[in-house]
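Presented below is the structure to which this report refers.
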Amino acid sequence: MPIDQTEKDVTLTYAGSSVKVLLHGANILSWKVNGAEKLFLSEGAILDGSKAVRGGVPLVFPVFGKATSGPTATLPQHGFARLSTWEFLGQTTESPLAVQFGLGPENVSEELRSAWPYNFTLIYTVSLGEDTLETSLSISNPGDVAWDFQTLLHTYFYIPDVDKVAVTGLTGTEVKDKVTKTDYSESNEDVTIAAEVDRVYENVPKPVTIKSDGKTLFEITRKNLDDVVVWNPWTNCVKMGDFKPVTGYKNMICVEAGSVSKWTSLAPGETYVAVETVKAYL
Ligand code: TA6
């Protein structure tokens, strides 16, 4: 079955690859290419809709992180998109195999809706190719007042060994480092992980690659997602409760395509389309 739908999730199968999307948060849980899993999903991930999923591709909207002021200040970290149950809207294309999910105020809890009382429409398109996964988030304002947003695809990539991973394509970009609480320009061609890393790379002009031992695992291209967040909690993952096994930080890296270093304003009737395409190599 190219598309297998249950009451909780939708699984696409195409050209030896598959992707599974949980309706809660429209959170991609799994992306397999020729049977090999490409994403990290915590063994302790809560999938019953009671909290955000620890792994796969959580969706961040309308705020990245936790705002301390402004219209999103009373929303939970990373906003409500990953905390809400999306509607499955059906198939759009056969090759690559693509489906869509939708979210509007009617799908969001009263508590979260009252915390951010604006009219919005999100259409999330998941498109599975032979060795590619394209995710597109169309953000529309059908209301009569403008609002500002940030958005990000919080992708947890599976990697064989954190000691051998490197992210390239970030050289020369401005960094807001949330661990050292410093700002600087990235001078390294290879960004590696040897402790907790939590950095926002701003206005990254080129495709980004994730390599292991010098070999490319993934290439990431973006449209309207100018920033790239790199995160690995290292041993701090033990404090999260839903990050399992506690050694799991050795097999994951979050490389997150987003528009988070500034706020984007959407006037009534406007639409913003953000696209990320990941090609898997090994
Ligand atoms: O994207 C990196 C980050 O903002 C980190 O600061 C860390 O908080 C991570 O997201 C996970 O956030 P979560 O709310 O899913 O635990």
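Heads up, UniProt numbering is the position in the sequence shown plus 49, with the first residue counted as 1. Virtual Cβ for every residue (Gly too), placed ideally from N, Cα, C. Please read these numbers as outputs of a predicted model, since none were measured by experiment.
query, result
"So does the segment 93-103 actually touch the segment 111-118, counting three or more Cβ pairs closer than 8 Å?", "no"
"Helix, strand or coil for residue 29? Go by DSSP, reduced to three states.", "Residue 29 falls outside the range modelled here, since the chain spans only 50 to 331, and no answer is possible."
"Under a three-way DSSP split, which group does K272 fall into?", "strand"
"Tell me the DSSP secondary structure of A316 in three-state form.", "coil"
"Name the residue from D212, N281, S187 whose alpha carbon lies nearest to the alpha carbon of D226.", "N281"
"Taking C-alpha atoms, which residue in V82, L201, A215, T313 lies nearest to G178?", "V82"
"Could you check if D212 is buried or exposed, using at least 16 other CB atoms within 10 Å of its CB as the buried criterion?", "exposed"
"Please find out if some non-hydrogen atom of the ligand TA6 comes closer than 7 Å to the beta-carbon of W283.", "no"
"Around the Cβ of L218, are there at least 16 other Cβ atoms within 10 angstroms (buried) or fewer (exposed)?", "The question names Leu, but residue 218 in the sequence shown is Gly. Answer is buried; the Cβ neighbour count reaches 16."
"Where does the unbroken beta strand (DSSP E) through E251 begin, and where does it stop?", "246-251"
"Quick one: give me the first and last residue of the beta strand (DSSP E) that S234 is part of.", "231-234"
"Do F292 and S91 have their C-beta atoms closer together than 8 Å?", "yes"
"Is the beta carbon of A323 closer than 8 Å to that of S308?", "yes"
"For N76 and T258, what's the separation of their Cα atoms in angstroms?", "22 Å"
"From E159 to Q126, what distance separates their C-alpha atoms?", "17 Å"
"Drop a sphere of 10 angstroms on the beta-carbon of E325, count the other beta-carbons inside from all chains shown, and report buried for 16 or more, exposed for fewer.", "buried"
"Which one of T296, S176, R131 has the shortest CA to CA distance from I52?", "S176"
"Say whether the segment 242-253 touches the segment 192-207, bearing in mind that this needs 3 or more beta-carbon pairs closer than 8 Å, one atom from each stretch.", "no"
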